[in-house]
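Novice: Those sequence lines, one after another, are chains A and B. With our numbering as the guide, the letters of the first sequence map in order to residues 1 to 358. With our numbering as the guide, the letters of the second sequence map in order to residues 359 to 716.
2 protein chains.
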Amino acid sequence: MISQENTSGTPSAAAPLQQARRAQPVTLRQVAEAAGVSTATVSLVVNKKKAARISDETRKRVREAIRDLGYRPNAMAQNLVSGSSRFIGLVADAIATTPFAGQIIHGAQDEAWKHGYALLIANTEGNRELETDAIAMMLEYKVRGILYSTWFHRPTDVPDSLRESDFVLVNCFAEEPGARAVVPDEVQGGRSATEVLLKHGHRRIAFINATIPAPAKDGRLQGYREALEAEGITFDEDLVMEAYPDQEGGYGATEALLKRDVTAVYCYNDRMAMGLYDGLREQGLSIPDDIAVVGFDNQEVIAAHLRPPLSTVSLPHYELGAAGVRMLLGLDEPQSSGPEKIYCPTVERNSVRALAPA
Amino acid sequence: MISQENTSGTPSAAAPLQQARRAQPVTLRQVAEAAGVSTATVSLVVNKKKAARISDETRKRVREAIRDLGYRPNAMAQNLVSGSSRFIGLVADAIATTPFAGQIIHGAQDEAWKHGYALLIANTEGNRELETDAIAMMLEYKVRGILYSTWFHRPTDVPDSLRESDFVLVNCFAEEPGARAVVPDEVQGGRSATEVLLKHGHRRIAFINATIPAPAKDGRLQGYREALEAEGITFDEDLVMEAYPDQEGGYGATEALLKRDVTAVYCYNDRMAMGLYDGLREQGLSIPDDIAVVGFDNQEVIAAHLRPPLSTVSLPHYELGAAGVRMLLGLDEPQSSGPEKIYCPTVERNSVRALAPA
DNA sequence: TGATGGTGATTAAACGCTTTAGCAGATTGG
DNA sequence: CCAATCTGCTAAAGCGTTTAATCACCATCA
Chain A
1 MISQENTSGT PSAAAPLQQA RRAQPVTLRQ VAEAAGVSTA TVSLVVNKKK AARISDETRK
61 RVREAIRDLG YRPNAMAQNL VSGSSRFIGL VADAIATTPF AGQIIHGAQD EAWKHGYALL
121 IANTEGNREL ETDAIAMMLE YKVRGILYST WFHRPTDVPD SLRESDFVLV NCFAEEPGAR
181 AVVPDEVQGG RSATEVLLKH GHRRIAFINA TIPAPAKDGR LQGYREALEA EGITFDEDLV
241 MEAYPDQEGG YGATEALLKR DVTAVYCYND RMAMGLYDGL REQGLSIPDD IAVVGFDNQE
301 VIAAHLRPPL STVSLPHYEL GAAGVRMLLG LDEPQSSGPE KIYCPTVERN SVRALAPA
Chain B
359 MISQENTSGT PSAAAPLQQA RRAQPVTLRQ VAEAAGVSTA TVSLVVNKKK AARISDETRK
419 RVREAIRDLG YRPNAMAQNL VSGSSRFIGL VADAIATTPF AGQIIHGAQD EAWKHGYALL
479 IANTEGNREL ETDAIAMMLE YKVRGILYST WFHRPTDVPD SLRESDFVLV NCFAEEPGAR
539 AVVPDEVQGG RSATEVLLKH GHRRIAFINA TIPAPAKDGR LQGYREALEA EGITFDEDLV
599 MEAYPDQEGG YGATEALLKR DVTAVYCYND RMAMGLYDGL REQGLSIPDD IAVVGFDNQE
659 VIAAHLRPPL STVSLPHYEL GAAGVRMLLG LDEPQSSGPE KIYCPTVERN SVRALAPA
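(1) Could you give the uninterrupted runs of the alpha helix (DSSP H) lying entirely in the segment 245–318 of chain A, keeping only those of 4 residues or more?
(2) I want to verify the contact list: residues of chain B whose CB lies under 8 Å from the CB of S85/A, in sequence order.
(3) Roughly how many whole angstroms lie between the Cα atoms of A193/A and L169/A?
(4) Shorter than 7 Å from the beta carbon of L355/A to some beta carbon of chain B?
(5) Could you tell me whether any Cβ in chain A is nearer than 7 Å to the Cβ of T399/B?
(6) In three-state terms, what does DSSP make of R53/A?
(7) Taking all protein chains shown into account, do 16 or more other C-beta atoms lie within 10 angstroms of the C-beta of P535/B, making it buried, or fewer, making it exposed?
(8) Helix, strand or coil for N432/B? Go by DSSP, reduced to three states.
(9) On the three-state DSSP scale, how would you describe F593/B?
(10) Between which two residues does the beta strand (DSSP E) harbouring V598/B extend?
(11) Among A94/A, Y224/A, N47/A and V91/A, which one has its Cα closest to the Cα of N74/A?
(12) Report yes if the CB atom of H106/A is closer than 7 Å to the CB atom of Y343/A, and no otherwise.
(13) Using 8 Å as the Cβ pair cut-off and three pairs as the minimum, do the segment 437–452 of chain B and the segment 82–92 of chain A touch?
(14) To which residues of the same chain is P513/B closer than 8 Å at the C-beta, ignoring the five residues directly before and after it?
(15) Under 7 Å Cβ-Cβ, which residues of chain B neighbour Q30/A?
(16) Are the beta-carbon atoms of E589/B and L556/B separated by less than 7 Å?
(17) Any chance the segment 217–232 of chain A sits against the segment 324–339 of chain A, with 3 or more Cβ pairs inside 8 Å?
(18) Can you grab the Cα-Cα spacing for the pair W113/A / R203/A, in whole Å?
(19) Within a Cβ cutoff of 7 Å, which residues of the same chain sit near I287/A, ignoring the five residues on either side of it in sequence?
(20) In chain order, what residues of the same chain have a beta carbon less than 8 Å from the beta carbon of M359/B, not counting five sequence neighbours either side?
(21) Could you name the residues of the same chain whose beta carbon sits closer than 6 Å to that of A480/B, not counting the 5 residues immediately before and after it, in chain order?
(22) Pick from F458/B, G559/B, R421/B and K407/B: whose alpha carbon is nearest that of A393/B?
(23) Is there a Cβ from chain A that is less than 7 Å from the Cβ of T456/B?
(24) So what does DSSP say about A14/A, is it helix, strand or coil?
(25) For a cutoff of 7 Å on Cβ pairs, would you count Y602/B as touching chain A?
(26) Under the three-state reduction of DSSP, which class applies to P542/B: helix, strand or coil?
(27) Report back the beta-carbon spacing between G447/B and M496/B to the nearest angstrom; my notes put them in contact at under 8 Å.
(28) Given a limit of 9 Å on CB to CB distance, which residues of the segment 206–226 of chain A reach chain B?
(29) List the endpoints of the continuous beta strand (DSSP E) containing S149/A.
(30) If you follow the alpha helix (DSSP H) that I95/A is part of, which residue opens it and which one closes it?
(31) From M630/B to E553/B, what distance separates their C-alpha atoms?
(32) Just to confirm, is the Cβ distance from I146/A to S165/A under 7 Å?
(33) At the level of alpha carbons, what is the spacing between T27/A and A494/B?
(34) Against chain B, does M137/A count as a neighbour if the rule is that its beta carbon must be under 7 Å from one of theirs?
(35) Pull the bridge partners of R698/B from the DSSP assignment, please.
(36) Going straight from the alpha carbon of T254/A to that of V325/A, what length do you get?
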């Protein structure tokens, strides 16, 4: 633990209030000298090579030296010599606005660590230039591969430099053949959302869809249809409305919704549901007694804390991140074609109640 | 662009549907050979050393070789030889639940990149074991230093291994002398929140504080007092209430609030304000006409989309991240003592209106 | 003419580690 | 008793860079 620069034991005068100047990191060689062995020997015990023939005596001496000196291997030197880095890159387009990217990161990190990889993350906030720099940085660190993720499910184009590495698209996809991708299963999610309502006896169920085109818009609608039809209910186009997918949109849809005489409504997302709550309340209607509501996305801050707490369908961001890593590493059996679709689980809270028999 | 393993031009049969097997990264040596010069020469032109004497002719040949081969420097080799890595570690305790950590990351990354550093991020989700592993990983990558961040402002203890590196606490602090820290200026924030109300003519202003102890609880209250007193209004203890700092808490505080006969209320955070909105609406009261409301935190999903949009005070997470990096790198002049306090700007929306003269 | 200086490059060592081949000495086998 | 085998360890090469030292060549100058 002795600094090579300052063996006097007194704090450097140059940095009086600062933390003590860090010693140069301890190297293998220093451990070797301290233990009176060669660096090769130290390396062998550090890496617990079973095959290596080292006496228990020596092993012990080395381990003590390691402990005494506080040795930490230099991962960069290891990567250099092993020829392959232990990094996986993750570029995200919006880490700072929703927790969605955070959940992807969380999942990716857990899975990556499980396989001995560290995550190199870059946040681009939609800035193309930053993105290019970020990918360049990852390429220079010779990452094992790159996860290219977006905060909402959408088509994307593959940046040129991305192609210099192995990559997987996460929560987005590209037409480009050979571009592997993981996305949420919107259709199944839409089906699940509708089934929650169906299960409680609702038959006339409205769907407030988004106005803006997106895979979610089509998928969630289709899921709604499928669930209805599986119950023998004919799809009624009049029951699907459209609004801008945020609180204001949901609020604004209230009037149109009430004209439909439904007992339940499935909203494109939680934010719309939040707005709708306000609209419904203004009309003196109570949830879930007068009308049942389900959302989509499971945005905790909103869904779990609305009054009553909102039943919704969860976007599997954590799983997307984890599955992205597995796909990158080739651990899942390869998809026959198209993106891998991840299941969207439903989370039931209190915005749906069994329909009282008429 | 020619793979050493497969020069036939046909895709490897081993990976029919997969992406083409990546070629081994191009090295300096290969560029040197292609350009007919030594590796030293290539290195010199890559790094644009002004001092180096290289003919334009050679420079051009080298650059062409670089372009043709698609050369990218190996950052790990660079770090190795330069003796110091270009990494800054950032450990966060909750990236997956709120966007707060995301904003810290965003700020830290921008500032780090500005100085040529890449961010090595680890999410611990409050798991001590993960945290230890994360710090170990960063230490092995010989990071320049570590930013240890928490998602809400609180005291923390410094994990032992953290001390092996330079570090800065971000959004948290420790008694430990020499532990540098950056935190939000809660007192100023509380003052600002109150001033928004004062500025619009309000005099009887309630404060719904949190029940759980935290620097924010004390600081925001003190700011409230200071702002009041600066206006010559004597602090009335009866006007400060306490509730659990979430939606339910805010909702539950409605009744107590209405007993106080105030024209405005300042909530400990946006989530409480959200609950309070519900409570007020149920009482048939309108915001901001019957009562003005300000929150704290500026949680976008909530504050910007409540009806009416909530005026609030922003927690400067982005700035915390950036300032953390600057402090780590020793770019800001050192604080005389205690954590550096970052300004909390107010963001005015529509939940406050000038008080009509009585 | 020989010293001096400038130009444009190269050589070689070093960074911290892994790993293969090999060495010396002890033990065993025939 | 010598060869073969085993045991415990080390020497040295190599990973992809950077950089100080050096070199060959040519022009200039006294």
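Positions of the beta carbon are idealized from the N, C-alpha and C atoms, including for glycine.
Specialist: Concretely, from the data shown:
(1) 247–252, 254–259, 270–282 and 300–303
(2) Translated into the one-based positions of the first sequence, residue 85/A becomes position 85. What S85/A touches in chain B: M434.
(3) Reading the first sequence from its first residue, position 193 is the one you call residue 193/A. Reading the first sequence from its first residue, position 169 is the one you call residue 169/A. Their Cα atoms are separated by approximately 26 Å.
(4) Reading the first sequence from its first residue, position 355 is the one you call residue 355/A. Judged by the 7 Å Cβ criterion, L355/A is not in contact with chain B.
(5) By one-based count along the second sequence, residue 399/B stands at place 41. T399/B does not count as touching chain A.
(6) Counted from its first residue, the first sequence places residue 53/A at position 53. R53/A: coil per DSSP, three-state reduction.
(7) Position 177 of the second sequence, counted from the start, is the residue given in the question as residue 535/B. The residue in question, P535/B, is exposed, as its Cβ has fewer than 16 Cβ neighbours within 10 Å.
(8) Along the second sequence, read from residue 1 onward, the residue named residue 432/B stands at position 74. Note: N432/B maps to coil in three-state DSSP.
(9) Residue numbering aside, residue 593/B sits at position 235 when the second sequence is read from its first letter. Coil.
(10) Taking the first residue of the second sequence as position 1, residue 598/B is located at position 240. V598 to A601 is the span of the beta strand (DSSP E), which, as asked, contains V598/B.
(11) Here residue 74/A refers to the residue found at position 74 when the first sequence is read from its first residue. The shortest C-alpha separation from N74/A is found at N47/A.
(12) The residue labelled residue 106/A in the question sits at position 106 within the first sequence. The residue labelled residue 343/A in the question sits at position 343 within the first sequence. The answer is no: Cβ separation not under 7 Å.
(13) In short, these stretches do not touch, since the Cβ pair count stays below three.
(14) For the purposes of this step, residue 513/B is taken as residue 155 along the second sequence, with counting starting at 1. Closer than 8 Å at Cβ, skipping near neighbours: C530, F531, A532, E533 and P573.
(15) As a first step, residue 30/A is located in the first sequence; it is residue number 30 there, counting from the start. Correct list: empty, because the minimum Cβ distance to chain B is about 15 Å.
(16) Here residue 589/B corresponds to residue number 231 of the second sequence, with the count starting at 1. Here residue 556/B corresponds to residue number 198 of the second sequence, with the count starting at 1. Yes, these two residues count as a Cβ contact at 7 Å.
(17) no
(18) As a first step, residue 113/A must be located in the first sequence, where it is residue number 113. As a first step, residue 203/A must be located in the first sequence, where it is residue number 203. Near 47 Å, if we compare the C-alpha coordinates of R203/A and W113/A.
(19) Position 287 of the first sequence, counted from the start, is the residue given in the question as residue 287/A. Excluding sequence neighbours, I287/A sits near Y277, L280, V293, P308 and S351.
(20) Within the second sequence, the letter at position 1 stands for residue 359/B. The pLDDT assigned to M359/B is 34, lower than 50, so where the model puts this residue is not dependable; a value taken from the coordinates is nonetheless given after this. Excluding residues within five positions, the ones whose Cβ falls inside 8 Å are A381, D426, L427 and G428.
(21) Translated into positions along the second sequence, residue 480/B becomes position 122. Only V449 and A492 meet the Cβ criterion.
(22) As a first step, residue 393/B is located in the second sequence; it is residue number 35 there, counting from the start. Closest option to A393/B, Cα to Cα, is R421/B.
(23) As a position in the second sequence, residue 456/B is number 98, starting the count at 1. T456/B counts as touching chain A.
(24) As a working mapping, residue 14/A is identified with position 14 in the first sequence. Because A14/A sits at a pLDDT of 35, beneath the cut-off of 50, its placement in the model cannot be relied upon, and the point is left open.
(25) Locating residue 602/B in the second sequence gives position 244, where the first residue counts as 1. Answer no: the Cβ-Cβ gap between Y602/B and chain A never drops below 7 Å.
(26) Here residue 542/B refers to the residue found at position 184 when the second sequence is read from its first residue. DSSP places P542/B in strand when its eight states are reduced to three.
(27) Numbered from its first residue, the second sequence carries residue 447/B at position 89. Numbered from its first residue, the second sequence carries residue 496/B at position 138. Between M496/B and G447/B the Cβ distance is about 4 Å, and since that is below 8 Å, they are a contact.
(28) Flagged: no residues at all.
(29) Stepping through the first sequence from its first residue, residue 149/A is reached at position 149. Residues G145 to P155.
(30) The count along the first sequence starts at 1 and reaches residue 95/A at position 95. Per DSSP, I95/A belongs to no alpha helix (DSSP H) and is neither H nor E.
(31) To locate residue 630/B, count along the second sequence from 1; it is residue 272. To locate residue 553/B, count along the second sequence from 1; it is residue 195. Going from the Cα of M630/B to the Cα of E553/B covers about 19 Å.
(32) Within the first sequence, the letter at position 146 stands for residue 146/A. Within the first sequence, the letter at position 165 stands for residue 165/A. Against a cut-off of 7 Å, the Cβ pair of S165/A and I146/A comes out as a contact.
(33) In the first sequence, the residue the question calls residue 27/A occupies position 27. In the second sequence, the residue the question calls residue 494/B occupies position 136. When rounded, the distance between both Cα atoms is 16 Å.
(34) For the purposes of this step, residue 137/A is identified with residue 137 of the first sequence, where counting begins at 1. It does: the Cβ of M137/A has a partner Cβ on chain B nearer than 7 Å.
(35) Taking the second sequence and counting its residues from 1, one reaches residue 698/B at position 340. Note that residue 698/B is Glu in the sequence shown here, rather than Arg. Bridge partners of E698/B: V540/B.
(36) In the first sequence, residue 254/A corresponds to position 254, counting from 1. In the first sequence, residue 325/A corresponds to position 325, counting from 1. Roughly 42 Å separates the two Cα atoms.
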